[in-house]
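*Asks:* Sequence positions in the sequence shown follow this note's numbering and run 5 to 410.
Before anything else, here's the structure in question.
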Amino acid sequence: MKILVVSSLYPNAVQRRHGIFIEHRVGHVAGPGDEVRVVAPIPWFPSRHPRFGRYADFASAPKMAVRRGVPITHPRYPVIPKIGMASAPWLMAAALYPRIARLRRTFDFDVIDSYYLYPDGVASGLLARWFDRPFVMSALGSDVSQIAQHRLERAMILSAIERASATTAVAAALRDALVGLGAPADRTCVVEHGVDLTLFSPPQDRAALRARMGIAAPTILSVGHLIDRKGHDFAIRAIASLPDVRLMIAGDGPCEPALRALAATLGVSGRVDFLGHVDQHRLPALYAAADATASCSDREGIANVLLESLACGTPLVATPVWGSPEVVRVPEAGVLTADRSDAAIADGIARLLSNLPDRAATRTYGERYDWRETGRQHRALLAAAVAGHAANQSGEQKVTKARGML
(Lines of atoms letter the chains of each structure in order from A and count residues from 1; the text may use other names and numbers.)
(Lines give C-alpha, C1' and ligand atoms only; values in the text may rest on other atoms or scores of the structure.)
Protein backbone atom coordinates (compact mmCIF):
# COMPACT_ATOMS: atom_id res chain seq x y z
CA MET A 1 0.00 0.00 0.00
CA LYS A 2 1.26 3.45 -0.95
CA ILE A 3 0.23 6.03 1.63
CA LEU A 4 0.29 9.78 1.06
CA VAL A 5 0.26 11.67 4.37
CA VAL A 6 -1.01 15.25 4.31
CA SER A 7 -0.57 17.40 7.40
CA SER A 8 0.59 20.94 8.06
CA LEU A 9 1.42 19.83 11.62
CA TYR A 10 4.25 17.53 10.56
CA PRO A 11 7.56 18.62 12.13
CA ASN A 12 10.10 20.50 10.02
CA ALA A 13 13.48 22.17 10.45
CA VAL A 14 11.88 25.35 11.82
CA GLN A 15 9.25 23.66 13.98
CA ARG A 16 11.14 20.62 15.24
CA ARG A 17 8.61 19.84 17.99
CA HIS A 18 5.59 20.52 15.78
CA GLY A 19 3.35 17.46 15.65
CA ILE A 20 6.01 14.93 16.67
CA PHE A 21 3.17 12.62 17.65
CA ILE A 22 2.01 12.58 14.00
CA GLU A 23 5.49 11.55 12.89
CA HIS A 24 5.48 8.72 15.44
CA ARG A 25 1.99 7.63 14.40
CA VAL A 26 2.87 7.61 10.71
CA GLY A 27 6.03 5.64 11.48
CA HIS A 28 3.97 2.87 13.06
CA VAL A 29 1.20 2.81 10.43
CA ALA A 30 3.32 1.51 7.56
CA GLY A 31 3.53 -2.27 7.44
CA PRO A 32 5.95 -4.53 5.52
CA GLY A 33 5.90 -3.57 1.87
CA ASP A 34 4.11 -0.26 2.47
CA GLU A 35 5.55 3.01 1.21
CA VAL A 36 4.94 6.44 2.73
CA ARG A 37 5.43 9.96 1.43
CA VAL A 38 4.56 13.07 3.40
CA VAL A 39 3.26 16.35 2.01
CA ALA A 40 3.49 18.86 4.85
CA PRO A 41 2.34 22.29 3.65
CA ILE A 42 3.82 25.39 5.24
CA PRO A 43 2.11 28.79 5.26
CA TRP A 44 3.64 31.28 2.86
CA PHE A 45 3.46 34.96 3.61
CA PRO A 46 5.05 37.76 1.53
CA SER A 47 6.61 39.66 4.43
CA ARG A 48 9.32 38.70 6.93
CA HIS A 49 8.56 41.66 9.17
CA PRO A 50 8.65 40.64 12.87
CA ARG A 51 5.13 41.99 13.35
CA PHE A 52 3.84 38.92 11.52
CA GLY A 53 5.46 36.59 14.05
CA ARG A 54 5.53 32.90 13.14
CA TYR A 55 4.34 33.50 9.57
CA ALA A 56 7.59 35.31 8.83
CA ASP A 57 9.65 32.42 10.24
CA PHE A 58 8.30 29.75 7.90
CA ALA A 59 10.39 30.98 4.96
CA SER A 60 13.52 29.29 6.31
CA ALA A 61 12.00 25.78 6.28
CA PRO A 62 13.42 23.56 3.50
CA LYS A 63 11.29 22.57 0.54
CA MET A 64 12.35 18.92 0.80
CA ALA A 65 13.50 16.79 3.71
CA VAL A 66 13.88 13.23 4.92
CA ARG A 67 13.00 12.33 8.50
CA ARG A 68 13.22 8.81 9.91
CA GLY A 69 13.68 7.55 6.36
CA VAL A 70 10.44 9.14 5.10
CA PRO A 71 10.65 11.63 2.19
CA ILE A 72 8.84 14.88 2.97
CA THR A 73 7.93 17.80 0.77
CA HIS A 74 6.98 21.20 2.17
CA PRO A 75 4.89 23.10 -0.40
CA ARG A 76 4.01 26.68 0.47
CA TYR A 77 0.40 27.76 0.52
CA PRO A 78 -0.83 31.35 0.89
CA VAL A 79 -2.47 32.43 4.12
CA ILE A 80 -4.34 35.53 5.12
CA PRO A 81 -3.74 35.96 8.86
CA LYS A 82 -6.84 36.40 11.03
CA ILE A 83 -9.29 36.85 8.13
CA GLY A 84 -8.48 33.97 5.77
CA MET A 85 -9.80 31.01 7.75
CA ALA A 86 -12.70 30.27 5.42
CA SER A 87 -10.49 30.16 2.32
CA ALA A 88 -7.64 28.17 3.87
CA PRO A 89 -8.69 24.68 2.64
CA TRP A 90 -9.07 25.87 -0.96
CA LEU A 91 -5.78 27.76 -0.89
CA MET A 92 -4.02 24.75 0.61
CA ALA A 93 -5.52 22.27 -1.87
CA ALA A 94 -4.75 24.49 -4.86
CA ALA A 95 -1.13 24.88 -3.75
CA LEU A 96 -0.70 21.16 -3.10
CA TYR A 97 -2.28 19.93 -6.34
CA PRO A 98 0.65 20.56 -8.73
CA ARG A 99 3.18 19.20 -6.23
CA ILE A 100 1.17 16.02 -5.67
CA ALA A 101 0.57 15.65 -9.42
CA ARG A 102 4.35 15.63 -9.96
CA LEU A 103 4.86 13.25 -7.05
CA ARG A 104 2.29 10.88 -8.48
CA ARG A 105 4.45 10.24 -11.55
CA THR A 106 6.83 8.24 -9.36
CA PHE A 107 4.56 7.51 -6.38
CA ASP A 108 1.07 6.54 -7.50
CA PHE A 109 -0.44 6.58 -4.03
CA ASP A 110 -3.41 4.42 -3.02
CA VAL A 111 -4.83 6.53 -0.19
CA ILE A 112 -4.52 9.95 1.46
CA ASP A 113 -3.98 9.91 5.22
CA SER A 114 -4.75 13.38 6.60
CA TYR A 115 -4.19 14.76 10.10
CA TYR A 116 -6.17 17.68 11.58
CA LEU A 117 -9.64 18.29 10.20
CA TYR A 118 -9.28 21.93 9.19
CA PRO A 119 -7.89 23.07 6.89
CA ASP A 120 -5.88 19.89 6.26
CA GLY A 121 -8.75 17.40 6.26
CA VAL A 122 -11.03 19.54 4.13
CA ALA A 123 -8.19 20.21 1.67
CA SER A 124 -7.41 16.49 1.56
CA GLY A 125 -11.04 15.81 0.67
CA LEU A 126 -10.70 18.11 -2.33
CA LEU A 127 -7.43 16.47 -3.37
CA ALA A 128 -8.92 13.00 -2.99
CA ARG A 129 -11.74 13.99 -5.34
CA TRP A 130 -9.38 15.53 -7.89
CA PHE A 131 -7.04 12.51 -7.88
CA ASP A 132 -9.83 9.93 -7.48
CA ARG A 133 -8.39 8.37 -4.36
CA PRO A 134 -9.93 7.46 -0.98
CA PHE A 135 -8.96 9.41 2.12
CA VAL A 136 -9.00 9.00 5.89
CA MET A 137 -8.73 11.98 8.20
CA SER A 138 -7.98 12.30 11.90
CA ALA A 139 -9.30 14.73 14.52
CA LEU A 140 -6.66 15.75 17.05
CA GLY A 141 -8.22 18.27 19.44
CA SER A 142 -8.70 21.96 18.76
CA ASP A 143 -9.97 21.17 15.26
CA VAL A 144 -13.07 19.86 17.06
CA SER A 145 -13.11 21.85 20.30
CA GLN A 146 -12.60 25.22 18.58
CA ILE A 147 -12.66 25.30 14.78
CA ALA A 148 -15.70 23.05 14.35
CA GLN A 149 -17.71 25.37 16.59
CA HIS A 150 -17.75 28.00 13.80
CA ARG A 151 -20.68 27.55 11.43
CA LEU A 152 -18.92 27.82 8.07
CA GLU A 153 -15.88 25.78 9.07
CA ARG A 154 -18.14 23.17 10.68
CA ALA A 155 -20.12 22.80 7.45
CA MET A 156 -16.94 22.22 5.44
CA ILE A 157 -15.60 19.73 8.01
CA LEU A 158 -18.85 17.75 8.01
CA SER A 159 -18.95 17.72 4.21
CA ALA A 160 -15.42 16.28 4.13
CA ILE A 161 -16.28 13.71 6.81
CA GLU A 162 -19.28 12.60 4.77
CA ARG A 163 -17.01 11.86 1.80
CA ALA A 164 -14.15 10.32 3.80
CA SER A 165 -13.78 6.56 4.03
CA ALA A 166 -13.30 6.98 7.77
CA THR A 167 -12.61 9.68 10.34
CA THR A 168 -10.63 8.93 13.47
CA ALA A 169 -10.44 10.83 16.74
CA VAL A 170 -7.72 10.46 19.36
CA ALA A 171 -10.28 10.47 22.18
CA ALA A 172 -13.84 9.28 22.64
CA ALA A 173 -14.83 12.78 23.76
CA LEU A 174 -13.76 14.14 20.36
CA ARG A 175 -15.54 11.32 18.53
CA ASP A 176 -18.73 11.95 20.47
CA ALA A 177 -18.50 15.70 19.79
CA LEU A 178 -18.15 15.06 16.05
CA VAL A 179 -21.10 12.68 16.00
CA GLY A 180 -23.08 15.26 17.95
CA LEU A 181 -22.31 17.81 15.24
CA GLY A 182 -23.55 15.46 12.54
CA ALA A 183 -20.69 13.13 11.61
CA PRO A 184 -21.81 9.58 10.69
CA ALA A 185 -21.34 7.38 13.76
CA ASP A 186 -20.56 4.26 11.71
CA ARG A 187 -17.53 5.89 10.05
CA THR A 188 -16.23 7.94 12.99
CA CYS A 189 -14.07 5.96 15.39
CA VAL A 190 -11.45 6.30 18.10
CA VAL A 191 -7.79 5.48 17.45
CA GLU A 192 -5.86 6.68 20.47
CA HIS A 193 -2.36 8.07 20.44
CA GLY A 194 0.47 5.92 21.67
CA VAL A 195 3.84 6.40 23.29
CA ASP A 196 7.33 5.07 22.66
CA LEU A 197 7.52 2.56 25.51
CA THR A 198 11.23 2.01 24.99
CA LEU A 199 12.25 5.67 25.18
CA PHE A 200 9.76 6.53 27.91
CA SER A 201 10.45 3.96 30.60
CA PRO A 202 11.34 3.93 34.32
CA PRO A 203 15.02 4.23 35.32
CA GLN A 204 16.87 1.36 36.91
CA ASP A 205 17.69 3.45 39.99
CA ARG A 206 15.27 6.34 40.58
CA ALA A 207 16.85 7.32 43.90
CA ALA A 208 20.24 7.74 42.22
CA LEU A 209 18.63 9.75 39.42
CA ARG A 210 16.99 12.14 41.89
CA ALA A 211 20.26 12.50 43.79
CA ARG A 212 22.14 13.39 40.59
CA MET A 213 19.48 15.98 39.80
CA GLY A 214 19.55 17.42 43.30
CA ILE A 215 15.89 16.55 43.97
CA ALA A 216 14.87 15.80 47.53
CA ALA A 217 11.52 17.53 48.11
CA PRO A 218 8.21 16.35 46.63
CA THR A 219 8.40 17.52 43.02
CA ILE A 220 5.79 18.16 40.37
CA LEU A 221 6.63 18.35 36.67
CA SER A 222 4.75 20.49 34.13
CA VAL A 223 5.66 19.94 30.47
CA GLY A 224 4.67 21.91 27.40
CA HIS A 225 5.03 25.05 25.35
CA LEU A 226 4.79 28.14 27.55
CA ILE A 227 1.48 29.43 26.23
CA ASP A 228 -1.75 30.30 28.01
CA ARG A 229 -3.75 27.21 27.20
CA LYS A 230 -1.16 24.85 28.72
CA GLY A 231 -1.94 26.20 32.18
CA HIS A 232 1.52 26.38 33.72
CA ASP A 233 0.28 29.38 35.70
CA PHE A 234 -2.26 27.13 37.42
CA ALA A 235 0.55 24.81 38.52
CA ILE A 236 2.53 27.76 39.91
CA ARG A 237 -0.43 29.08 41.86
CA ALA A 238 -1.21 25.57 43.12
CA ILE A 239 2.20 24.99 44.67
CA ALA A 240 2.03 28.42 46.30
CA SER A 241 -0.43 26.81 48.74
CA LEU A 242 1.75 23.70 49.14
CA PRO A 243 4.86 24.98 50.93
CA ASP A 244 6.93 21.76 50.75
CA VAL A 245 6.42 21.12 47.03
CA ARG A 246 8.73 22.06 44.15
CA LEU A 247 7.75 22.56 40.52
CA MET A 248 9.80 21.91 37.40
CA ILE A 249 8.55 23.49 34.17
CA ALA A 250 9.95 22.01 30.95
CA GLY A 251 9.28 24.14 27.90
CA ASP A 252 9.82 27.53 26.34
CA GLY A 253 7.51 30.06 24.79
CA PRO A 254 6.10 33.57 24.87
CA CYS A 255 4.58 33.31 28.36
CA GLU A 256 7.88 32.66 30.16
CA PRO A 257 8.38 36.27 31.41
CA ALA A 258 4.83 36.38 32.75
CA LEU A 259 5.22 32.99 34.44
CA ARG A 260 8.49 34.03 36.08
CA ALA A 261 6.85 37.24 37.26
CA LEU A 262 3.95 35.25 38.69
CA ALA A 263 6.30 32.98 40.60
CA ALA A 264 8.10 36.04 42.01
CA THR A 265 4.85 37.75 42.98
CA LEU A 266 3.69 34.64 44.84
CA GLY A 267 7.07 34.24 46.54
CA VAL A 268 7.76 30.80 45.06
CA SER A 269 10.60 31.60 42.66
CA GLY A 270 12.92 29.48 44.79
CA ARG A 271 10.62 26.49 44.35
CA VAL A 272 9.96 26.80 40.60
CA ASP A 273 12.64 25.66 38.16
CA PHE A 274 12.29 26.89 34.57
CA LEU A 275 14.17 24.30 32.52
CA GLY A 276 13.60 25.77 29.07
CA HIS A 277 13.16 23.54 26.04
CA VAL A 278 13.95 19.91 26.81
CA ASP A 279 14.63 17.49 23.95
CA GLN A 280 12.55 14.33 23.85
CA HIS A 281 15.45 12.07 24.75
CA ARG A 282 15.96 14.04 27.99
CA LEU A 283 12.30 14.10 29.02
CA PRO A 284 12.14 10.53 30.42
CA ALA A 285 14.62 11.39 33.17
CA LEU A 286 12.51 14.39 34.21
CA TYR A 287 9.33 12.33 34.31
CA ALA A 288 11.06 9.60 36.28
CA ALA A 289 12.56 12.03 38.79
CA ALA A 290 9.25 13.80 39.46
CA ASP A 291 6.72 12.48 41.94
CA ALA A 292 3.84 13.51 39.70
CA THR A 293 3.16 15.30 36.42
CA ALA A 294 0.62 18.10 36.31
CA SER A 295 -1.41 18.63 33.13
CA CYS A 296 -3.41 21.83 33.57
CA SER A 297 -4.40 22.46 29.96
CA ASP A 298 -7.79 23.91 29.08
CA ARG A 299 -8.19 21.71 25.99
CA GLU A 300 -6.45 18.62 24.68
CA GLY A 301 -7.40 15.63 22.58
CA ILE A 302 -5.15 13.32 24.51
CA ALA A 303 -2.01 15.14 25.58
CA ASN A 304 1.28 13.38 24.82
CA VAL A 305 2.44 14.43 28.27
CA LEU A 306 -0.11 12.13 29.90
CA LEU A 307 1.06 9.02 28.08
CA GLU A 308 4.77 9.80 28.38
CA SER A 309 4.48 10.32 32.13
CA LEU A 310 2.57 7.08 32.70
CA ALA A 311 5.10 5.14 30.61
CA CYS A 312 7.82 6.41 32.94
CA GLY A 313 5.83 5.27 35.97
CA THR A 314 4.89 8.78 37.07
CA PRO A 315 1.24 9.41 38.04
CA LEU A 316 -0.76 12.42 36.90
CA VAL A 317 -2.73 15.34 38.23
CA ALA A 318 -4.89 16.34 35.26
CA THR A 319 -7.70 18.76 34.60
CA PRO A 320 -10.95 17.16 33.34
CA VAL A 321 -10.77 18.34 29.72
CA TRP A 322 -11.65 16.35 26.60
CA GLY A 323 -9.60 13.12 26.53
CA SER A 324 -7.88 13.47 29.91
CA PRO A 325 -10.66 11.69 31.89
CA GLU A 326 -10.30 8.74 29.52
CA VAL A 327 -6.67 8.36 30.56
CA VAL A 328 -6.84 9.25 34.26
CA ARG A 329 -9.58 6.78 35.16
CA VAL A 330 -7.89 4.45 37.65
CA PRO A 331 -5.87 5.14 40.83
CA GLU A 332 -2.65 3.94 39.18
CA ALA A 333 -2.96 6.76 36.65
CA GLY A 334 -3.24 9.50 39.28
CA VAL A 335 -5.87 12.09 40.12
CA LEU A 336 -8.38 13.93 37.95
CA THR A 337 -9.17 17.34 39.43
CA ALA A 338 -12.73 18.45 40.15
CA ASP A 339 -12.34 21.37 37.74
CA ARG A 340 -9.72 23.66 36.25
CA SER A 341 -9.10 26.00 39.17
CA ASP A 342 -6.15 26.81 41.42
CA ALA A 343 -7.84 25.26 44.43
CA ALA A 344 -8.86 22.06 42.63
CA ILE A 345 -5.39 21.54 41.17
CA ALA A 346 -3.72 22.20 44.54
CA ASP A 347 -6.12 19.74 46.15
CA GLY A 348 -5.37 17.15 43.47
CA ILE A 349 -1.62 17.50 44.00
CA ALA A 350 -1.97 17.23 47.76
CA ARG A 351 -4.22 14.15 47.53
CA LEU A 352 -1.90 12.40 45.09
CA LEU A 353 1.28 13.14 47.07
CA SER A 354 -0.36 11.79 50.23
CA ASN A 355 -1.22 8.51 48.53
CA LEU A 356 1.10 7.88 45.61
CA PRO A 357 0.39 4.70 43.60
CA ASP A 358 3.02 2.06 43.03
CA ARG A 359 5.16 3.30 40.15
CA ALA A 360 5.40 -0.18 38.62
CA ALA A 361 1.60 -0.33 38.52
CA THR A 362 1.53 3.09 36.85
CA ARG A 363 3.97 1.88 34.23
CA THR A 364 1.93 -1.28 33.63
CA TYR A 365 -1.17 0.83 33.10
CA GLY A 366 0.72 3.11 30.71
CA GLU A 367 1.80 0.17 28.56
CA ARG A 368 -1.68 -0.04 27.06
CA TYR A 369 -0.82 3.09 25.03
CA ASP A 370 1.53 1.45 22.56
CA TRP A 371 2.25 3.11 19.21
CA ARG A 372 2.34 -0.33 17.60
CA GLU A 373 -1.33 -0.95 18.41
CA THR A 374 -2.21 2.56 17.25
CA GLY A 375 -0.44 1.89 13.97
CA ARG A 376 -2.16 -1.46 13.51
CA GLN A 377 -5.62 0.02 13.98
CA HIS A 378 -4.94 3.00 11.73
CA ARG A 379 -3.43 0.90 8.96
CA ALA A 380 -6.51 -1.35 8.99
CA LEU A 381 -8.66 1.72 8.29
CA LEU A 382 -6.42 2.78 5.41
CA ALA A 383 -6.47 -0.72 3.92
CA ALA A 384 -10.27 -0.84 4.20
CA ALA A 385 -10.47 2.55 2.47
CA VAL A 386 -8.35 1.28 -0.43
CA ALA A 387 -10.37 -1.93 -0.72
CA GLY A 388 -13.67 -0.05 -0.58
CA HIS A 389 -12.55 2.40 -3.26
CA ALA A 390 -11.43 -0.44 -5.53
CA ALA A 391 -14.77 -2.21 -5.05
CA ASN A 392 -16.68 0.96 -5.89
CA GLN A 393 -14.63 1.48 -9.03
CA SER A 394 -15.22 -2.12 -10.10
CA GLY A 395 -18.95 -1.70 -9.54
CA GLU A 396 -19.04 1.50 -11.56
CA GLN A 397 -17.18 -0.17 -14.42
CA LYS A 398 -19.70 -3.03 -14.45
CA VAL A 399 -22.59 -0.57 -14.53
CA THR A 400 -20.97 1.36 -17.37
CA LYS A 401 -20.38 -1.86 -19.33
CA ALA A 402 -23.98 -2.99 -18.78
CA ARG A 403 -25.31 0.35 -19.99
CA GLY A 404 -23.18 0.02 -23.09
CA MET A 405 -24.83 -3.29 -23.90
CA LEU A 406 -28.35 -1.81 -23.80
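Ideal placement from N, C-alpha and C gives every residue a C-beta, glycine not left out.
Could you tell me whether the region 277-284 touches the region 322-339, using the rule of 3 or more Cβ pairs below 8 Å?
*Replies:* no
*Asks:* Please confirm if the region 91-102 is in contact with the region 120-130, defined as three or more CB-CB distances below 8 Å between the two stretches.
*Replies:* yes
*Asks:* I want to know whether the region 250-262 touches the region 329-347 - three or more CB-CB distances under 8 Å.
*Replies:* no
*Asks:* Using only CA atoms, which one of Asp248, Val321, Asp38 lies nearest to alanine 412?
*Replies:* Nothing in the structure corresponds to residue 412, since the chain is present only between 5 and 410.
*Asks:* Run through DSSP, which three-state label would methionine 96 get?
*Replies:* helix
*Asks:* From what residue to what residue does the alpha helix (DSSP H) around leucine 310 run?
*Replies:* 308-315
*Asks:* Alpha carbon to alpha carbon, how far is tryptophan 134 from leucine 287? Give it in angstroms, no decimals.
*Replies:* Taking the Cα positions, leucine 287 is about 43 Å away from tryptophan 134.
*Asks:* So, is threonine 378 buried or exposed, given that buried needs 16 or more other C-beta atoms within 10 angstroms?
*Replies:* buried
*Asks:* Check each candidate in Ile349, Arg372, Thr110, Leu356 and name the one with the smallest Cα separation from alanine 239.
*Replies:* Ile349
*Asks:* Do valine 42 and valine 74 count as a contact pair if the criterion is CB distance below 8 Å?
*Replies:* yes
*Asks:* Please state whether the Cβ-Cβ distance between valine 183 and leucine 144 is less than 8 Å.
*Replies:* Against a cut-off of 8 Å, the Cβ pair of leucine 144 and valine 183 comes out as no contact.
*Asks:* In whole angstroms, what separates the C-alpha of glutamate 260 from that of arginine 80?
*Replies:* In this structure, the straight-line span from the alpha carbon of glutamate 260 to that of arginine 80 is close to 31 Å.
*Asks:* Can you give the Cα-Cα distance for isoleucine 46 and aspartate 124, rounded to whole angstroms?
*Replies:* 11 Å
*Asks:* Could you pull the DSSP bridge partners for valine 227 from this structure?
*Replies:* Ala254
*Asks:* Can you look up alanine 181 in the DSSP assignment and give me helix, strand or coil?
*Replies:* helix
*Asks:* Within 10 angstroms of the Cβ of arginine 137, are there 16 or more other Cβ atoms? Answer buried if so, exposed if not.
*Replies:* Per the 10 Å Cβ criterion, buried.
*Asks:* Pull up the CB-CB distance for alanine 170 and valine 148, whole angstroms please, since I reckon it's below 8 Å.
*Replies:* Not quite, the Cβ-Cβ distance comes to about 16 Å (not below 8 Å), so this is no contact.
*Asks:* Does DSSP put lysine 234 in a helix, a strand or coil?
*Replies:* helix
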